[in-house]
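Asks:
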Amino acid sequence: MRRTQLFVKTRRETPGDEPSLNAQLLIKAGYVHKELAGVYSYLPMGKAVIDNISKVIREEMDSIGGNEVLMSTLQNKELWQASGRWDDRVVDSWFKTKLTNGTELGIGFSHEEPLTNALKHFINSYKDLPVYPYQIQTKFRNELRAKSGLMRGREFLMKDLYSYSRSAAEHEAFYEKVSEAYLKIYNRLGLGAITYKTFASGGVFSEFSHEFQTLSHVGEDTVFVDEDKKFAVNKEVYNDETLVKLGLDKSKLVEQKAVEVGNIFSLGSKYSDALGLYFVDEEGEKQSIIMGCYGIGVSRIMGLLAEHFADKDGLVWPQNIAPFEVYLAKLGLDPSVIGEADTVYNRLTERGISVVYDDRDIRAGEMFADADLMGMPYRIVVSQKTLGTGNLELKKRGEQAAQSVSLDNLVEIILNARKY
RNA sequence: CGGGGUGUAGCGCAGUUGGCUAGCGCACCGCGUUUGGGACGCGGGGGUCGAAGGUUCGAGUCCUUUCACCCCGACCA
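Start counting the first sequence at 14; every next residue gets the next number (the working numbering).
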């Protein structure tokens, strides 16, 4: 994309009402627009980052048998009354609204009830199970206090997967598969080394659950990490009895701040029974369905990545997450420079490399500052100087030195650097 | 929801014990000079000072109410 066709503009100054680094950087660099406290809109590059994160998640969900769906945001009150979750005393983060005729509606904060209800049209026999629907969709939660930029919003993007299994054993096996898929996702997002599967409280319907916690000084959670076992325990459930049960050595645990980037729950048959979703087994007997739910905060991860991969000059995206792999800077208005930059832009684009081409008539310093702030992994410069060498100038974001390389080499370097 | 802070141009801010035409920087428009790390000069446009009400000859400034944003806490299936 040409910079002259990209409507966003970077800012020099930090927004005064955003103390969190992730929101500061993403607003300054033109990735998001703040609508309200805890409510952000995604501008073109922010949308691209969301899509790139979603792509990783989607591929891993599909690989374990996920079926992607997109559920409605407006919710039927009766379904939630069936499970006992309509009452504000049970779920205090509801947003609710009304039809003009007075009928109350909910605005979805999760989707166990409507999804389970919809599946009643398709699940009858043991032959129809197991199934694993998931979606990447906007969730609404009326948090008392939004904070930490994109990391804790009232409206946010979440991947939610639900499993419907025929038995506890079948459920447990899938729960483990999801856990492994989650670790792959965090690896591919560049967070693998600092993300830990974490023992946590189970909420209402099960004794325990597992969270995935990424170590970060901006985290709201406290966990105790066993580095060797790559496992952690949330402070909420940290006690001697739990440590014994988990086989952890208290002396090896280190207390750390962390961001919850995922959570997996066993739900038993609470929702399937409440909504009347059953199956008939081989003997013709009606049986309960065992459910699980598995969440990943997509927009929260975007905030975390922005916060984690940054330096004093701005964002530093991993190559598979960056909205563009290349920031192509054309210096000056000399026709031969413009011609060469156009050629480079076309060649890279033809090879499937995503490029933002800064074709504006501005000074070099301003372009470089923008390139750094926006955080694309590669910066390529075309100028009178590079024309003289016959090569192009390539600089990786985060490194000081630039190198002089041919267009063909440059394409190879960028394509070979793709890890996933 | 308790406590604290802040609302002045798109953004960041200043505005004295109430005083005359509400300022500065960035951004934006025009002209010129510049041109490899956010250039400079000259000229210009943009404001119901968060909102409502009140006190006063006079309110950005004082009072009341209210809304929003930020922080701490509580909360976070």
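A virtual CB, placed ideally from N, CA and C, is assigned to each residue, including glycine.
Kindly indicate which three-state DSSP category H184 falls into: helix, strand or coil?
Replies: By one-based count along the first sequence, residue 184 stands at place 171. Helix at H184.
Asks: Can you tell me whether A287 is helix, strand or coil according to DSSP?
Replies: Here residue 287 refers to the residue found at position 274 of the first sequence. Three-state DSSP puts A287 in a helix.
Asks: Helix, strand or coil: which one does DSSP assign to Q413?
Replies: Numbered from 1 along the first sequence, position 400 holds the residue referred to as residue 413. Of the three classes helix, strand and coil, the one that applies to Q413 here is coil, per DSSP.
Asks: How many angstroms separate the CA atom of Y291 from the CA atom of N137?
Replies: The count along the first sequence starts at 1 and reaches residue 291 at position 278. The count along the first sequence starts at 1 and reaches residue 137 at position 124. When rounded, the distance between both Cα atoms is 7 Å.
Asks: Identify every residue that forms a DSSP beta bridge with S138.
Replies: Position 125 of the first sequence, counted from the start, is the residue given in the question as residue 138. DSSP output for S138 lists V293 as bridge partner(s).
Asks: When the distance is taken between beta carbons, is V238 closer than 8 Å to L266?
Replies: Numbered from its first residue, the first sequence carries residue 266 at position 253. Numbered from its first residue, the first sequence carries residue 238 at position 225. Cβ atoms of L266 and V238: closer than 8 Å.
Asks: Taking the DSSP output, what are the residues bridged to N276?
Replies: Locating residue 276 in the first sequence gives position 263, counting from the first residue. Bridge partners of N276: E224, G308.
Asks: Assign Q88 to one of two classes, buried (16 or more other C-beta atoms within 10 Å of its C-beta) or exposed (fewer than that).
Replies: In the first sequence, the residue the question calls residue 88 occupies position 75. Buried, since its Cβ has 16 or more Cβ neighbours within 10 Å.
Asks: Once you ignore the five residues that flank P127 on each side, which residues in its own chain have a CB closer than 8 Å to its CB?
Replies: Counting from 1 along the first sequence, the entry for residue 127 is found at position 114. The residues are M84, S85, Q88, N89, L92, G121.
Asks: In the DSSP assignment, find the unbroken alpha helix (DSSP H) run with I40 in it and report its ends.
Replies: Counted from its first residue, the first sequence places residue 40 at position 27. Taken as a continuous stretch (DSSP letters only), the alpha helix (DSSP H) holding I40 covers 34 to 41.
Asks: Identify whether S214 lies in helix, strand or coil by the three-state DSSP scheme.
Replies: As a position in the first sequence, residue 214 is number 201, starting the count at 1. Note: S214 maps to strand in three-state DSSP.
Asks: Using the rule of at least 16 other Cβ atoms within 10 Å of the residue's Cβ for burial, across every protein chain shown, is D383 buried or exposed?
Replies: Locating residue 383 in the first sequence gives position 370, where the first residue counts as 1. So D383 counts as buried.
Asks: Identify, in the order they occur along the chain, each residue of the same chain with its Cβ nearer than 8 Å to the Cβ of V250, setting aside the five sequence neighbours on each side.
Replies: In the first sequence, counting from the first residue as 1, residue 250 sits at position 237. Within the same chain, V250 has close Cβ partners F212, A213, S214, F221.
Asks: Buried or exposed, going by whether 16 or more other CB atoms sit within 10 Å of the CB of L157?
Replies: Stepping through the first sequence from its first residue, residue 157 is reached at position 144. L157 is exposed by the Cβ-count criterion.
Asks: Within this structure, are the beta carbons of H223 and S178 separated by less than 8 Å?
Replies: Locating residue 223 in the first sequence gives position 210, where the first residue counts as 1. Locating residue 178 in the first sequence gives position 165, where the first residue counts as 1. Contact flag unset, no.
Asks: Taking the continuous beta strand (DSSP E) assigned at T113, which residues delimit it?
Replies: The count along the first sequence starts at 1 and reaches residue 113 at position 100. T113 -> no beta strand (DSSP E), and no H or E assigned at all.
Asks: My understanding is that L341 touches D374, with C-beta atoms under 8 Å, so please give their C-beta distance in whole angstroms.
Replies: For the purposes of this step, residue 341 is taken as the residue at position 328 of the first sequence. For the purposes of this step, residue 374 is taken as the residue at position 361 of the first sequence. Not a contact, Cβ separation roughly 15 Å.
Asks: Hey, out of G327, I198, K432, D241, whose CA is closest to M74's CA?
Replies: Locating residue 74 in the first sequence gives position 61, where the first residue counts as 1. It is I198 whose Cα lies nearest to the Cα of M74.
Asks: Assign A206 to buried or exposed, taking buried as 16 or more other Cβ atoms, counted over all protein chains shown, within 10 Å of its Cβ.
Replies: Translated into positions along the first sequence, residue 206 becomes position 193. It is exposed - the Cβ of A206 has fewer than 16 other Cβ atoms within 10 Å.
Asks: With a floor of 3 residues, list each beta strand (DSSP E) that falls wholly inside the segment 300 to 368, ordered by position along the chain.
Replies: Qualifying beta strand (DSSP E) stretches, in chain order: 303 to 310, 339 to 343.
Asks: Roughly how many angstroms lie between the CA atoms of I351 and K343, to the nearest whole one?
Replies: On the first sequence, position 338 is the one that residue 351 refers to. On the first sequence, position 330 is the one that residue 343 refers to. When rounded, the distance between both Cα atoms is 7 Å.
Asks: Identify the continuous alpha helix (DSSP H) that holds S95 and give its terminal residues.
Replies: Here residue 95 refers to the residue found at position 82 of the first sequence. Here residue 95 is Ala; the residue named in the question, Ser, does not match the sequence. Looking at the DSSP string, the run of the alpha helix (DSSP H) that includes A95 is 90 to 96.
Asks: Distance check for T235 and A287, CA to CA, integer angstroms please.
Replies: Position 274 of the first sequence, counting from 1, holds the residue named residue 287. Position 222 of the first sequence, counting from 1, holds the residue named residue 235. Those two C-alpha atoms are separated by around 34 Å.
Asks: On the three-state DSSP scale, how would you describe I393?
Replies: Here residue 393 corresponds to residue number 380 of the first sequence, with the count starting at 1. Reduced to three states, the DSSP call for I393 is strand.
Asks: Please list the terminal residues of the continuous alpha helix (DSSP H) segment that includes F122.
Replies: As a position in the first sequence, residue 122 is number 109, starting the count at 1. Element bounds for F122: n/a, residue is neither H nor E.
Asks: Out of curiosity, what's the CA-to-CA distance linking D100 and D385?
Replies: Residue mapping note: residue 100 aligns to position 87 of the first sequence, counting from 1. Residue mapping note: residue 385 aligns to position 372 of the first sequence, counting from 1. Between D100 and D385, the C-alpha separation is close to 49 Å.
Asks: Which one of Y358, R392, Y307 has the shortest CA to CA distance from V329?
Replies: As a first step, residue 329 is located in the first sequence; it is residue number 316 there, counting from the start. Of the candidates Y358, R392, Y307, the one whose C-alpha sits nearest the C-alpha of V329 is R392.
Asks: Alpha carbon to alpha carbon, how far is G97 from E125?
Replies: If you number the first sequence from 1, residue 97 lands on position 84. If you number the first sequence from 1, residue 125 lands on position 112. Taking the straight line from one Cα to the other gives about 12 Å.
Asks: Where does K160 sit, in a helix, a strand or coil, going by DSSP?
Replies: To locate residue 160, count along the first sequence from 1; it is residue 147. Strand at K160.
Asks: From T129 to L317, what distance separates their C-alpha atoms?
Replies: Numbered from its first residue, the first sequence carries residue 129 at position 116. Numbered from its first residue, the first sequence carries residue 317 at position 304. Roughly 32 Å between the two C-alpha positions.
Asks: Out of R313, H46, D262, state which residue places its alpha-carbon closest to the alpha-carbon of K172.
Replies: Reading the first sequence from its first residue, position 159 is the one you call residue 172. Ranking the options by Cα distance to K172, first place goes to R313.
Asks: Is there contact here, the segment 322 to 339 with the segment 27 to 44, by at least three beta-carbon pairs under 8 Å?
Replies: Verdict: yes, contact present.
Asks: Whole angstroms are fine: how far does the CA of Q332 sit from the CA of T227?
Replies: For the purposes of this step, residue 227 is taken as the residue at position 214 of the first sequence. For the purposes of this step, residue 332 is taken as the residue at position 319 of the first sequence. Distance between the alpha carbons of T227 and Q332 is about 20 Å.
Asks: Between V257, G305, S396, I302, which lies nearest to G345 when the distance is taken from Cα to Cα?
Replies: For the purposes of this step, residue 345 is taken as the residue at position 332 of the first sequence. Out of V257, G305, S396, I302, S396 has the C-alpha closest to the C-alpha of G345.
Asks: Taking the CB atoms as reference points, tell me whether A335 and M389 lie closer together than 8 Å.
Replies: Residue 335 sits at position 322 when you count from the first residue of the first sequence. Residue 389 sits at position 376 when you count from the first residue of the first sequence. A contact, by the Cβ cut-off of 8 Å.
Asks: Whose C-beta lies closer than 6 Å to the C-beta of G51 among residues of the same chain, with five residues either side of it excluded?
Replies: The residue you call residue 51 lines up with position 38 of the first sequence. The residues are A159, G166, R167.
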